[in-house]
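Note that the working numbering has the sequence shown beginning at 9, numbered continuously upward.
Don't be surprised by glycine CBs; every beta carbon is placed ideally from N, CA and C.
Note that the structure is predicted; figures quoted are calculated from it, not measured.
Here is the structure we will look at.
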Amino acid sequence: MAEKKAMISIISNQIISSGPNPSKRNFFLLPFSPQNLQSPKQRTKSARILGHSQKSTVAGDDVKTLANFKSKYNEIKVLEVSRRADHPFAGSRLLLLDSPGNIHSISFLLKHLTDTYLDVFATFPPILPSGPIGILGFGAGSAGRLILQLYPQSVIHGWELDPSVISVGREYFGLSECEKENADGLWVNIGDAMNAEVDGGFAGVLVDLFSKGSVVDELQDARSWENIRKKLKRGGRVMVNCGGSCVEAEDITRNGDVVMEETLEAMSKVFPEILVLNVGHNKEDSWIALSGSSPDRETWKKTIPAPELRRYVDKWVSFPTIGT
9 MAEKKAMISI
19 ISNQIISSGP
29 NPSKRNFFLL
39 PFSPQNLQSP
49 KQRTKSARIL
59 GHSQKSTVAG
69 DDVKTLANFK
79 SKYNEIKVLE
89 VSRRADHPFA
99 GSRLLLLDSP
109 GNIHSISFLL
119 KHLTDTYLDV
129 FATFPPILPS
139 GPIGILGFGA
149 GSAGRLILQL
159 YPQSVIHGWE
169 LDPSVISVGR
179 EYFGLSECEK
189 ENADGLWVNI
199 GDAMNAEVDG
209 GFAGVLVDLF
219 SKGSVVDELQ
229 DARSWENIRK
239 KLKRGGRVMV
249 NCGGSCVEAE
259 DITRNGDVVM
269 EETLEAMSKV
279 FPEILVLNVG
289 HNKEDSWIAL
299 SGSSPDRETW
309 KKTIPAPELR
319 RYVDKWVSFP
329 TIGT
């Protein structure tokens, strides 16, 4: 099965390449130009980073490569953005996993929230029944770590196909410390996410599965969604990173908008009620989907511990409103 991975997949800001129409790459997989990963003497004067409201460049000296190697499944790069950089990603570490340079995980030294789709994932636990949460496409652990920071009583089971990604997460993204601090609340599994299961079913499943810069093929097949539905306990929900035109695939025929729409159509054949949320400010930004009927919005807001995250609650609309 194709490599599966969480993406930043991310969400609301992005690192972009210098290719055509860079402004369209916004809020989801964050593409980073490979030429900006060279040594200081080789690379161009600045590494281009696009935020939703801040300046779009970061000086080359403010971006440091911590790791750069190929695994069986991915082209793994870990970048560190200097705290002195004038950009929302200042003080962060970024995980890139494919040739377009899409960002799959992010962590900040001095704060928990990311201003990306990962923050939307962190609003998920309050609308779930009691029970474990599955993360399909665990990456370096950004989503799991954020949820455990906000909801310490949560129990998370993550699945990641590439063991090298987990190793990078433990070395550079604080995953090792998170596992130690949550010995009874975080379980990291290496293997095919489609085979994920726990006794009694999941209260919720976060789906963040990408391969080569695109939502994995399996998620455009209703049978995969039926498989995921069967993993849920009664009252359980699914929240999904669906990508969009902001996602840059290695295969140029994998149009992000088309893949997103096909993913939602396949999901809707199994989950009759779906809500969708645009992470950014326009339809070119990334989309998140949520199964089930709309929760009570005011109750949901009150149960989200971080006030900065409550703004996402009112952004959910019924599918297929996305296309109107």
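Only counting the same chain, and skipping five residues up and downstream in sequence, which positions put a Cβ closer than 7 angstroms to that of residue i?
{"i": "alanine 211", "result": "Leu136, Pro137, Ser138, Gly139, Pro140, Ile141, Lys241 and Gly244"}
{"i": "serine 115", "result": "Ser100, Arg101, Ser150, Phe181 and Gly182"}
{"i": "arginine 262", "result": "Ser222"}
{"i": "leucine 158", "result": "Ala130, Pro313 and Ala314"}
Could you please give the first and the last residue of the uninterrupted alpha helix (DSSP H) stretch that includes residue i?
{"i": "valine 89", "result": "Note, valine 89: premise wrong, no alpha helix (DSSP H); beta strand (DSSP E) at 83 to 89."}
{"i": "serine 276", "result": "264 to 276"}
{"i": "alanine 230", "result": "230 to 237"}
{"i": "lysine 309", "result": "305 to 310"}
Measure the C-alpha to C-alpha separation of residue i and residue j and round it to an integer number of angstroms.
{"i": "serine 326", "j": "proline 133", "result": "20 angstroms"}
{"i": "lysine 220", "j": "aspartate 106", "result": "6 angstroms"}
{"i": "proline 42", "j": "leucine 74", "result": "Interpretation of proline 42 is limited by its pLDDT of 31, a score under 50 that renders its predicted location unreliable; no figure is taken from the coordinates."}
{"i": "leucine 82", "j": "isoleucine 111", "result": "As written in the sequence, residue 82 is asparagine, which differs from the leucine given in the question. Cα-Cα distance, rounded: 12 angstroms."}
{"i": "tyrosine 125", "j": "lysine 277", "result": "24 angstroms"}
{"i": "serine 253", "j": "phenylalanine 97", "result": "21 angstroms"}
{"i": "aspartate 94", "j": "valine 86", "result": "20 angstroms"}
{"i": "leucine 285", "j": "aspartate 322", "result": "9 angstroms"}
{"i": "aspartate 293", "j": "valine 287", "result": "6 angstroms"}
{"i": "glutamate 187", "j": "leucine 156", "result": "10 angstroms"}
{"i": "aspartate 304", "j": "threonine 311", "result": "11 angstroms"}
{"i": "glutamate 88", "j": "serine 113", "result": "12 angstroms"}
{"i": "lysine 80", "j": "proline 171", "result": "9 angstroms"}
Report all residues from its chain with a CB closer than 6 angstroms to the CB of residue i; omit the five preceding and five following residues, and keep chain order.
{"i": "phenylalanine 129", "result": "Ala151 and Leu214"}
{"i": "leucine 298", "result": "Met247 and Leu283"}
{"i": "glutamine 228", "result": "Glu270, Thr271 and Ala274"}
{"i": "glycine 264", "result": "Gly251, Gly252, Ser253 and Val255"}
{"i": "asparagine 190", "result": "Leu156"}
Which residue marks the beginning of the beta strand (DSSP E) containing residue i, and which one marks its end?
{"i": "tryptophan 324", "result": "Careful: tryptophan 324 lies outside any beta strand (DSSP E) and carries neither H nor E."}
{"i": "serine 299", "result": "295 to 299"}
{"i": "threonine 73", "result": "71 to 78"}
{"i": "arginine 245", "result": "240 to 251"}
{"i": "phenylalanine 97", "result": "No beta strand (DSSP E) holds phenylalanine 97; DSSP gives it neither H nor E."}
{"i": "alanine 211", "result": "210 to 215"}
{"i": "serine 113", "result": "111 to 116"}
- Which ranges would you report for the beta strand (DSSP E) in the segment 125 to 182 if only whole runs of at least 3 residues count? 141 to 144 and 164 to 168
- Using 8 angstroms as the threshold, is the segment 158 to 168 in touch with the segment 186 to 198, meaning 3 or more CB pairs across them? yes
- Evaluate contact between the segment 247 to 261 and the segment 197 to 209, counting only Cβ atoms and requiring at least three cross-stretch pairs below 8 angstroms. no
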